[in-house]
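See structure below.
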Amino acid sequence: MLGFILKRIALLIPTLLGITIVSFGFVRVLPGDPVLLMAGERGIKPERYQKLMEQFGYDRPIWEQYFDYLNQLLHGNLGNSLVTKQPVITEFFTLFPATVELSICALIIAVSIGIPAGIIAASKRGSFWDQSLMGTALVGYSMPIFWWGLLLIIVFSGWLQWTPVSGRISLLYFFPDVTGFMLIDSLLSGQKGAFTSALSHLVLPSIVLATIPLAVIARQTRSAMLEVLGEDYVRTARAKGLSPARVVGVHALRNAMIPVITVIGLSVGTLLAGAILTETIFSWPGIGKWMVDSISRRDYPVVQSGLLMIAIVVMVVNLLVDMTYGLINPRIRHD
Amino acid sequence: MTDITNSPSALDVKRQMRRQMLADFWFYFSENRGAVIGLWVFIALVTLAVFAPVFAPHGATQQYRDALLVPPVWQDGGQWKFLLGTDAVGRDMLSRLIYGARFSLFIGVVVVGIAATTGVSVGLIAGYYRGAVDTVIMRIMDIILAFPSLLLALVMVAILGPGLLNAMIAIAIVLQPHFVRLTRASVLNERGKDYVTSARVAGASPFYLMTRTILPNCLGPVTVQATLSFSNAILDAAALGFLGMGAQPPTPEWGTMLAEAREFILRAWWVVTFPGLAILITVLAVNLVGDGLRDALDPKMKRS
Chain Y
-8 MLGFILKRIA LLIPTLLGIT IVSFGFVRVL PGDPVLLMAG ERGIKPERYQ KLMEQFGYDR
52 PIWEQYFDYL NQLLHGNLGN SLVTKQPVIT EFFTLFPATV ELSICALIIA VSIGIPAGII
112 AASKRGSFWD QSLMGTALVG YSMPIFWWGL LLIIVFSGWL QWTPVSGRIS LLYFFPDVTG
172 FMLIDSLLSG QKGAFTSALS HLVLPSIVLA TIPLAVIARQ TRSAMLEVLG EDYVRTARAK
232 GLSPARVVGV HALRNAMIPV ITVIGLSVGT LLAGAILTET IFSWPGIGKW MVDSISRRDY
292 PVVQSGLLMI AIVVMVVNLL VDMTYGLINP RIRHD
Chain R
1325 MTDITNSPSA LDVKRQMRRQ MLADFWFYFS ENRGAVIGLW VFIALVTLAV FAPVFAPHGA
1385 TQQYRDALLV PPVWQDGGQW KFLLGTDAVG RDMLSRLIYG ARFSLFIGVV VVGIAATTGV
1445 SVGLIAGYYR GAVDTVIMRI MDIILAFPSL LLALVMVAIL GPGLLNAMIA IAIVLQPHFV
1505 RLTRASVLNE RGKDYVTSAR VAGASPFYLM TRTILPNCLG PVTVQATLSF SNAILDAAAL
1565 GFLGMGAQPP TPEWGTMLAE AREFILRAWW VVTFPGLAIL ITVLAVNLVG DGLRDALDPK
1625 MKRS
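So the protein lines, in turn, are chains Y and R.
Taken in order, the first sequence gives residues -8 to 326; the numbers are from our numbering.
Taken in order, the second sequence gives residues 1325 to 1628; the numbers are from our numbering.
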């Protein structure tokens, strides 16, 4: 197993280098002068221009700049935001928990509804249930989630007034940041109503973010189950007289889970992409909104390093998924 | 050799085989009711888009200054002149939606066209030549796939400058690795088979082998991927438009319309609801067709 893990990590190194080239090249491929571009339409004084050129090292050869960039990265220096002047890495780790909290809730919704839906559809293939579940899944899969979020706001925040429109918690509550997860911190603070407030802020964004992964997981579970239900060992289990619930729940499900876990792992990328839209709609202070805001503010150091950090997160999660995969299915380790 | 393949009887056999294949395909496709419905909706959308000036009651950017935020006709204050109401500057929603179909379908066609042609060619080369070429190509694709697609497209558009054309290029770039991987995998599967070897022995050039011998046998999965990418392209372009990075106002692109409508969300539900519904219906129709295609083209599904 250790060898398998080390091999997977070694395979990531070229991709990781490639990702740094992309994020490094990002500002350099901008047509024109990077300093002028960052200055925007306001223009810039010649002295300041010269100073910035030297500060960023744009006057040196490109490969030297790249190695310098790599060196800085290895020392954990991702540059400073042009707007807030804060180190990008500090901003990233301040905002990241919000995105993680939202993504975890979305993933819980997606898995806890998607897998049972897929199992029901597969075990009652062709029935009314199968058709309506899979029809709904296809609608979810085709959903423009930014619109879906707006619709939910219209209904639940506008008409019914059940949930707040934006943010992570009501402004009435203040408590120290312990874990960065609002649900846990609000409980720890012991303030009355804080947890409910945090939860009511979280519900709609989680549903929106969960929609596409849920649909994908339901569809994948169904097709994986259908495949497995046709196998000989399932027929054997049935012939032995085991109850249908046991055949589906024990014999079929375990083997059907492998492709489903892959899909769950892959949906981390989907979640982060979805977070861009979901967080923008609900003003959720996470990295998705941070990226969108930075792009519109031309805060290039943030965009550059944010892109890098998000890619690394996706890579690490994929690595973890690969490892789980190796644990569940020992055959893969010896590939 | 040319004499044999082009003799009248051989041509007839070929034509008959092709007709039989098409009939088979349609048989399996039409078994899937959803797919047929999707196809009809899609055809209707194409018709709407092509003949937009005929169907649309008003111009897409024509403003009626005395009819701002008029609700749909079935609600109090609705007017027959504006069936689905008007937006904040008095433009007819229905007309804008109809014109918007042009953009979404155009985006889908162009993006899939670019992504599929480049992706399939690169995948063919990688799978056929293997070795170093393959490694380099696949590593580059891994790098593109390491980023969440919408984020990468968003950043690329930020570099290239907001606009529909740049958005389409960015989306094509992020969708293309899927075609490369898929084509490469099927080429790897096909290239060792006897019919390829026999064509090579008969003296076919690598180009002929790639495009005429191997490619046709890899097209099934590529077609399914193309429909999937078509709906992804429409969704991503709308998302970029929504974030202000795609088509720019006053273009009646559905995502851009949603972005413009956001501030009226609690006052005028119709300006938000209809453009999104249009996106959903279009994407759903394409995905239904895609599911049908997958069932009809995947030999594994046919046994059931």
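Every residue gets a Cβ at the ideal spot worked out from N, C-alpha and C, and that includes glycine.
- Query: Under a three-way DSSP split, which group does PRO107(Y) fall into?
  - Reply: Note: PRO107(Y) maps to helix in three-state DSSP.
- Residue(s) in a DSSP beta bridge with GLN1403(R): Looking at the DSSP output, GLN1403(R) sits in a beta bridge with PHE1406(R).
- Query: Can you find a C-beta in chain R that's less than 8 Å from the C-beta of PRO204(Y)?
  - Reply: Chain R contact via Cβ: absent.
- Message: Looking at the secondary structure, which residues open and close the alpha helix (DSSP H) in which SER118(Y) lies?
- Response: For SER118(Y), there is no enclosing alpha helix (DSSP H), as DSSP gives it neither H nor E.
- Message: Once DSSP output is grouped into helix, strand and coil, what is the label at ALA1491(R)?
- Response: Under the three-state reduction of DSSP, ALA1491(R) is assigned to helix.
- Message: When you compare the CB of ASP1466(R) with every CB in chain Y, is at least one pair closer than 8 Å?
- Response: Answer yes: the Cβ-Cβ gap between ASP1466(R) and chain Y drops below 8 Å somewhere.
- Nearest candidate by alpha-carbon position, reference GLY1358(R), set LEU1612(R), LEU1448(R), GLN1399(R) and LEU1617(R): Of the candidates LEU1612(R), LEU1448(R), GLN1399(R) and LEU1617(R), the one whose C-alpha sits nearest the C-alpha of GLY1358(R) is LEU1612(R).
- Message: If the criterion is Cβ atoms closer than 8 Å, does the pair MET1492(R) and ILE1431(R) meet it?
- Response: Cβ distance < 8 Å, so MET1492(R) and ILE1431(R) count as in contact.
- Message: For ILE160(Y) and TRP275(Y), what's the separation of their Cα atoms in angstroms?
- Response: Distance between the alpha carbons of ILE160(Y) and TRP275(Y): 10 Å.
- Task: Indicate the three-state DSSP secondary structure (helix, strand or coil) for PRO78(Y) in the structure shown.
- Result: Three-state DSSP puts PRO78(Y) in a strand.
- Task: Could you please give the first and the last residue of the uninterrupted alpha helix (DSSP H) stretch that includes ALA185(Y)?
- Result: Note, ALA185(Y): alpha helix (DSSP H), 185 to 220.
- Query: Using the beta-carbon of each residue, which ones in chain R are nearer than 9 Å to THR81(Y)?
  - Reply: None at all; the shortest Cβ gap to chain R is about 21 Å.
- Message: Which residues in chain R have a C-beta closer than 8 Å to the C-beta of LEU263(Y)? List them in chain order.
- Response: Within chain R, the residues near LEU263(Y) are PRO1472 and LEU1475.
- Query: So, ALA1450(R) versus VAL1444(R), is the Cβ gap smaller than 8 Å?
  - Reply: No, they are not a contact pair.
- Query: Beta-carbon of SER1555(R) versus every beta-carbon of chain Y: anything under 8 Å?
  - Reply: Judged by the 8 Å Cβ criterion, SER1555(R) is in contact with chain Y.
- Item | Distance between LEU129(Y) and TRP1404(R) (C-alpha atoms, nearest Å) | If I take the Cα positions, the gap works out to 34 Å.
- Task: Report, in whole angstroms, the separation of the C-beta atoms of GLN1572(R) and PRO1472(R), which I expect to be a contact under 8 Å.
- Result: 24 Å between Cβ atoms; not a contact.
- Under three-state DSSP, which class holds ASN1611(R)? In this structure, ASN1611(R) counts as helix in the three-state DSSP scheme.
- Item | Bridge-paired residues (DSSP) for ASP1416(R) | DSSP output for ASP1416(R) lists THR1410(R) as bridge partner(s).
- Task: Please confirm whether GLU82(Y) and THR75(Y) have their CB atoms less than 8 Å apart.
- Result: Yes; because the gap between Cβ atoms is below 8 Å, this pair is in contact.
- Out of curiosity, what's the CA-to-CA distance linking ILE104(Y) and VAL1434(R)? Taking C-alpha positions only, ILE104(Y) is separated from VAL1434(R) by approximately 36 Å.
- Message: For MET1345(R), count the other beta carbons within 10 Å of its own beta carbon; 16 or more makes it buried, fewer makes it exposed. Which is it?
- Response: Around the CB of MET1345(R), fewer than 16 other CB atoms lie within 10 Å, so the residue is classed as exposed.
- So, is GLU1577(R) buried or exposed, given that buried needs 16 or more other C-beta atoms within 10 angstroms? Buried.
- Please confirm if PRO292(Y) has its CB atom under 8 Å from at least one CB of chain R. Chain R places no beta carbon closer than 8 Å to that of PRO292(Y), leaving this residue out of the contacts.
- Task: Quick one: grab the DSSP three-state call for ASN71(Y).
- Result: Note: ASN71(Y) maps to strand in three-state DSSP.
- Message: Quick check on ASN1611(R) - is its C-beta less than 8 Å from some C-beta in chain Y?
- Response: When Cβ-Cβ separations below 8 Å define contact, ASN1611(R) makes contact with chain Y.
- Message: On the DSSP letters alone, give me the boundaries of the alpha helix (DSSP H) that TYR224(Y) sits inside.
- Response: For TYR224(Y), the uninterrupted alpha helix (DSSP H) segment begins and ends at 223 to 230.
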